[in-house]
Every structure is written in structure tokens, then in C-alpha cells.
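Colleague: Below you'll find the structure I mean.
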Amino acid sequence: MLVLSRKAGETIWIGEDIEIVISEVKGEQVKIAIKAPRSIDIIRGELRQDVSASNSESVITNLDLFKNKL
Amino acid sequence: MKIQTAYFGEVEIDPSKILNFEYGIPGFEEEKEFVLLPIEENDIFQVLQSVQTEGLAFSVTNPYSITTDYSFDLEEATVHALHIKEENEVAVFAIVSLKETLALSTINLKAPIVLNTTNNKAKQVILNREEYTIRHLISSESAKG
Chain S
1048 MLVLSRKAGE TIWIGEDIEI VISEVKGEQV KIAIKAPRSI DIIRGELRQD VSASNSESVI
1108 TNLDLFKNKL
Chain U
107 MKIQTAYFGE VEIDPSKILN FEYGIPGFEE EKEFVLLPIE ENDIFQVLQS VQTEGLAFSV
167 TNPYSITTDY SFDLEEATVH ALHIKEENEV AVFAIVSLKE TLALSTINLK APIVLNTTNN
227 KAKQVILNRE EYTIRHLISS ESAKG
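If you read the sequences in order, they're chains S and U. Residue numbering for the first sequence follows this note's numbering, starting at 1048 and increasing by one per position. Residue numbering for the second sequence follows this note's numbering, starting at 107 and increasing by one per position.
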């Protein structure tokens, strides 16, 4: 994984059309501004992680629920 | 073609019915192909079965069969990824996490599966909406009547 050190106000470009701006650094929190085409999904990591966990929990282990109903 | 399924044994499927998830779904990024299989004598739920992994299956439903109060705008990223041209080619499913009873089961309204029925491209999208949760209790809907 590429690791870069940046200060507030500095930027990073990814490819030709994604710009990441470190807009503010305050204590433990970093504010990041992202300029990207609307065709790119931008999702908070913990939200994606939770969807991933939910998907793993949702793998069917049995279909008894439906059998019992019949 | 024939595939091995988690609950229905060997099943003959029509390759043109395979749903293509270009990037898999979160947690299952390598699973790019699924098929929808009916559950006998159950019109509400279907099984979303992985084509390549026999043991991997989810139960899905039309979210509107659980809650009538559900709507979201398709993000440009989804329209782009699934090559959606018209609203009427879009179908939406939600993954249901089955528990001991249906009332205890939850439905993921935060991350529905959007399908382009014209080309069978599909994607689990994550909505930027606070009112929809990943583990929405199905019983909370029946309580509403």
C-alpha cells in the first residue's frame, strides 16, 4: 500500500480525475475533501465493513424456516 | 448448464439468467455470478445462489413486499456501472438475514441489490440514507400493520 504524508491544504491526485484534498487536521480528526466523477462510489469504510459483516451473517445456513411454514 | 446449489441439489439453469456482479458484493468480492432460484410454495422470498460456490446462498426479497415505505434515487455511479438507460429496466432486491422465525429476521434496506433486467448487471449499492438500516427487523413492519 502506498503511504504518503500530507499537510492540511495539500492534495493527492489519483488518475486523471480524482483529487483528494486534506482540508483540515484537528487533533485525531482529518477532514478530507474528494473531487471525483459522479460515476465513482465513495463510501465510508466502516459502513462498507458493516454491509460486509451483514452479508456474511446472511448466508443461509438452512431453509427450515420456510419448510416449517408449509 | 447445471450448477450445484446449497439447498436444491443440482439445478439446471439458463446461462442467460445469470446475474453478473462485476465486483462481487461486500465480503464476497470474488463472487461475480449468482442466480435467483424460487423457494417452493413461497412467493415472497427467493434464493440468490452463487454459481461458483455451492454453499453460498442468500435469501432475498422485493423490499416492497416487506415495507411499502421505501424509495431511493439511483446514484449516477449505479446508473453508470449497470448501464441503466430506463427506469423500467431496474429491479430491486434486499438481502434477508434469516433467524429462527421470520419476525426475528432482518432485512438489509441500507444496501439493496440493484439489477438491470436488460443486461443482468447487478450491484449491491449502499444508500446514503439514515432512515434505512442494515438490519431492519421484519417484525417492526408487521407491527405497523
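Idealized CB from N, CA, C, for every residue including glycine.
Near Val1072 of chain S, what residues of its chain come up, given a Cβ to Cβ distance below 7 angstroms and the 5 sequence neighbours on each side ignored?
Modeller: Result list for Val1072 of chain S: Ala1055, in chain order.
Colleague: Mind reading off the beta-carbon distance from Phe140 of chain U to Ser156 of chain U? Whole number of angstroms is fine, and I expect it under 8 angstroms.
Modeller: Contact flag correct, Cβ pair sits at about 6 angstroms.
Colleague: Which value, in whole angstroms, describes the spacing of the CA atoms of Leu215 of chain U and Ser122 of chain U?
Modeller: Taking the straight line joining both Cα atoms gives about 28 angstroms.
Colleague: If you measure between the beta carbons of Val202 of chain U and Phe151 of chain U, is that distance less than 8 angstroms?
Modeller: In contact: Val202 of chain U and Phe151 of chain U (Cβ atoms closer than 8 angstroms).
Colleague: Using a Cβ-Cβ cut-off of less than 9 angstroms, list which residues of the stretch 185-206 of chain U approach chain S; keep chain order.
Modeller: Answer in chain order: Val185, His186, Ala187, Ile201, Val202, Ser203, Leu204, Lys205, Glu206.
Colleague: How many Å lie between Asn1109 of chain S and Phe114 of chain U at the Cα?
Modeller: The straight-line gap from Cα to Cα measures roughly 11 angstroms.
Colleague: Considering only C-alpha positions, which residue in the set S:Glu1075, S:Ala1080, S:Gln1076 is nearest to Ile1067 of chain S?
Modeller: It is S:Ala1080 whose Cα lies nearest to the Cα of Ile1067 of chain S.
Colleague: Show which residues of chain S have a CB atom less than 7 angstroms away from the CB atom of Arg241 of chain U.
Modeller: Near Arg241 of chain U (Cβ distances below 7 angstroms), the residues of chain S are Ser1101.
Colleague: When you compare the CB of Phe164 of chain U with every CB in chain S, is at least one pair closer than 8 angstroms?
Modeller: Yes, Phe164 of chain U lies at the interface with chain S (some Cβ there is under 8 angstroms from its Cβ).
Colleague: Taking Glu160 of chain U as the reference, which of S:Ile1107, S:Ile1087, S:Trp1060, S:Asn1102 has the closest Cα?
Modeller: Considering only alpha carbons, the answer is S:Ile1107.
Colleague: Can you check whether the CB of Asn126 of chain U is closer than 8 angstroms to the CB of Ala228 of chain U?
Modeller: In this structure, Asn126 of chain U lies closer than 8 angstroms to Ala228 of chain U by Cβ.
Colleague: Applying the 10 Å Cβ sphere with the 16-neighbour rule, what's the burial state of Val1098 of chain S?
Modeller: It counts as buried.
Colleague: Anything in chain S within Cβ reach of Asn214 of chain U, meaning under 9 angstroms, just list it in chain order.
Modeller: Val1098, Ser1101, Asn1102, Ser1105, listed in chain order.
Colleague: Does Ile1065 of chain S come within less than 8 angstroms of chain U when only Cβ atoms are used?
Modeller: No - not a single Cβ of chain U is within 8 angstroms of the one on Ile1065 of chain S.
Colleague: How about Ile219 of chain U and Ile244 of chain U: do their beta carbons lie closer than 8 angstroms?
Modeller: Contact: no.
Colleague: Thinking just about the alpha-carbon of each residue, which of U:Glu181, U:Leu154, U:Glu192 is nearest to the one in Asn168 of chain U?
Modeller: Among U:Glu181, U:Leu154, U:Glu192, the Cα nearest to that of Asn168 of chain U belongs to U:Leu154.
Colleague: What separation, rounded to the nearest whole angstrom, lies between the Cα atoms of Ile190 of chain U and Arg1085 of chain S?
Modeller: Distance between the alpha carbons of Ile190 of chain U and Arg1085 of chain S: 15 angstroms.
Colleague: What separation, rounded to the nearest whole angstrom, lies between the Cα atoms of Ser1070 of chain S and Ala187 of chain U?
Modeller: Approximately 29 angstroms between the Cα atoms of the pair.
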